[in-house]
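Position 55 of the sequence shown, counted from 1, bears residue number 55 in full-length UniProt numbering, the numbering being contiguous throughout. Where a beta carbon is used, it is the ideal one built from N, C-alpha and C, also for glycine. These numbers were taken from a predicted model, which means no experiment stands behind them. To start, the structure itself, in structure tokens.
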Amino acid sequence: MKIARFSTEGDPRYGIVDGDDLVVLSGDPMFSGFDTTGERVALDGVKLLAPVIPRSKVVCVGLNYRDSAPVESADSDSAGSPKAEEGDEADVTAAPDGGPATPLLFLKPNTAIVGPGDTIQIPPVEGRVVHEGELAIVIGRVAKQVKAADYADYVFGYTIANDVSARDVMFSDGQWARAKGYDTFCPIGPVIETELDISALEIQTYVDGEPRRNGNTRDMIHSIPEIIAFASDVWTLLPGDIILTGTPAGLGGFVDGQTIDITIEGIGTLSNPARNRG
């Protein structure tokens, strides 16, 4: 079932995607269930919003694909042309397959969240700003010290996320909080899929229609059950919190005026234009 958060002219509402329509729900399904109002609205007549606003945090996992650790292939220069990556992304203890031995966690603030079609605002920083298309987990209930075998009991569904990063700021700061935490640096959407086989999902990222990143969730180093168990041992996860599960390798740069499209089978496509911040 695909759940959308949308607006027409008033407050945000929720609906179940049914073909070209939304079946309007009486409230936030995470807390109010799936009771409907009897109203239907056309998808092309609404503005889709970020399908969830995290209650407290966005948890992210770095270096979680076998083909992206320890260096994520290549990025782009200020003109958007591919260029070789320089420098390691992190100094971590490696697992035998080349990735971190445990999930490499960091946080984004919930103020970084924007929805489908919203503009990514590129801040006036030196160097590259890059896209990182990822499968995102939406937590559905309070989760603390969850056992990996019980992970599904705490998942409301899945959506698409773009872990936008100011790459050169990451290197100059020596840590990732500022580089990944700017406002608009976490587009999510377009919907939450509550029923999804996560074992082998294709993740594809395009910039202005040009293929940039391509991967499959079967190549994750740390599985979703493992990630939820590990993260919930560190922090209490609240309903609406999201976990970004890592990005495949590829060419990551984008510049003012370009549009980033991220497609994950079973969910849809998240599309966001980029503009220099005024």
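Query, Result
"Given M170 as reference, the closest of G127, P248, T36 once Cα atoms are compared", "G127"
"F171: first and last residue of the uninterrupted alpha helix (DSSP H) it sits in", "167-173"
"Rounded separation between D173 and G181 - CA only", "13 Å"
"Exposure label - G38; buried when at least 16 CB within 10 Å", "exposed"
"Coarse secondary structure for A112, derived from DSSP in three states", "helix"
"Cβ-based burial, residue 288 [other Cβ within 10 Å; buried from 16]", "Look at the range of the chain in this structure, 1 to 278, and you will see that residue 288 is not part of it."
"Candidates N276, N272, G278: closest to E132 by CA position", "N272"
"Any beta strand (DSSP E) of 3 or more consecutive residues that is wholly inside the segment 150-214", "155-162, 186-193, 202-207"
"One or two residues paired with D18 in a DSSP bridge", "D21"
"Local conformation of I243 per DSSP, three classes", "strand"
"Bounding residues of the alpha helix (DSSP H) (the contiguous stretch that carries D233)", "224-234"
"Straight-line Cα distance separating A229 from I260", "31 Å"
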